[in-house]
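Taking it in order: structure first as structure tokens, then the write-up.
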Amino acid sequence: MAYRKLGRTNKHRRSMLANLTRDVIMNERIQTTETRAKEVRKLVDKMISYGKDGSLVARRKALAFLHNDKEAVKKVFDVLAPRYATRNGGYTRILKLDERKGDDALIVILELVEEA
Numbered sequence: 002m003a004y005r006k007l008g009r010t011n012k013h014r015r016s017m018l019a020n021l022t023r024d025v026i027m028n029e030r031i032q033t034t035e036t037r038a039k040e041v042r043k044l045v046d047k048m049i050s051y052g053k054d055g056s057l058v059a060r061r062k063a064l065a066f067l068h069n070d071k072e073a074v075k076k077v078f079d080v081l082a083p084r085y086a087t088r089n090g091g092y093t094r095i096l097k098l099d100e101r102k103g104d105d106a107l108i109v110i111l112e113l114v115e116e117a
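According to this note's numbering, the stretch in the sequence shown is residues 2 to 117, in order.
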């Protein structure tokens, strides 16, 4: 599977992506760079798919990925999974904003889509 390294070591990258995924789940919208958003989008979709599965194994996988953040996993399984029960993927959208002044990185908003 091809993925972006984002200029980080493996542990740092996985931790950063897990934290960004948790932030999207809890706040339903974050502002970040385009490359990070494209990576996080895959993980958010995977977490919501786990929530739609609803099994104990899926809950444990979500807990393991989100660093045992029980509030985030509870929101995925109790709020987000029912919201997207009829939707087959595509739970997030990326809205482009502007370039960051220091390094011209494209800043975007990654958010969960509202309608189911």
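Where a beta carbon is used, it is the ideal one built from N, C-alpha and C, also for glycine.
Model, not experiment: these values are computed from the prediction.
Proximal residues to residue i (C-beta, below 7 Å), its chain only, five neighbours per side dropped
i, result
"D99", "I108"
"R5", "T36, E40"
Residue i in three-state terms, based on DSSP
i, result
"K6", "coil"
"T87", "coil"
"D104", "coil"
"G55", "coil"
"N11", "helix"
Cross-strand partners of residue i (DSSP beta bridge)
i, result
"E112", "R30, R94"
"D79", "BP columns for D79 are empty, so no partner."
"D99", "I108"
Spatial neighbours of residue i in its chain, beta-carbon cut-off 8 Å, leaving aside the 5 residues before and after
i, result
"G91", "D46, V114"
"A19", "L44, F66, L67, H68"
Cβ separation of residue i and residue j, assumed to be a contact under 8 Å, to the nearest whole Å
i, j, result
"I26", "V77", "6 Å"
Contacts around residue i, its chain only, beta-carbon distance under 6 Å, and the 5 residues preceding and following it disregarded
i, result
"R101", "I108"
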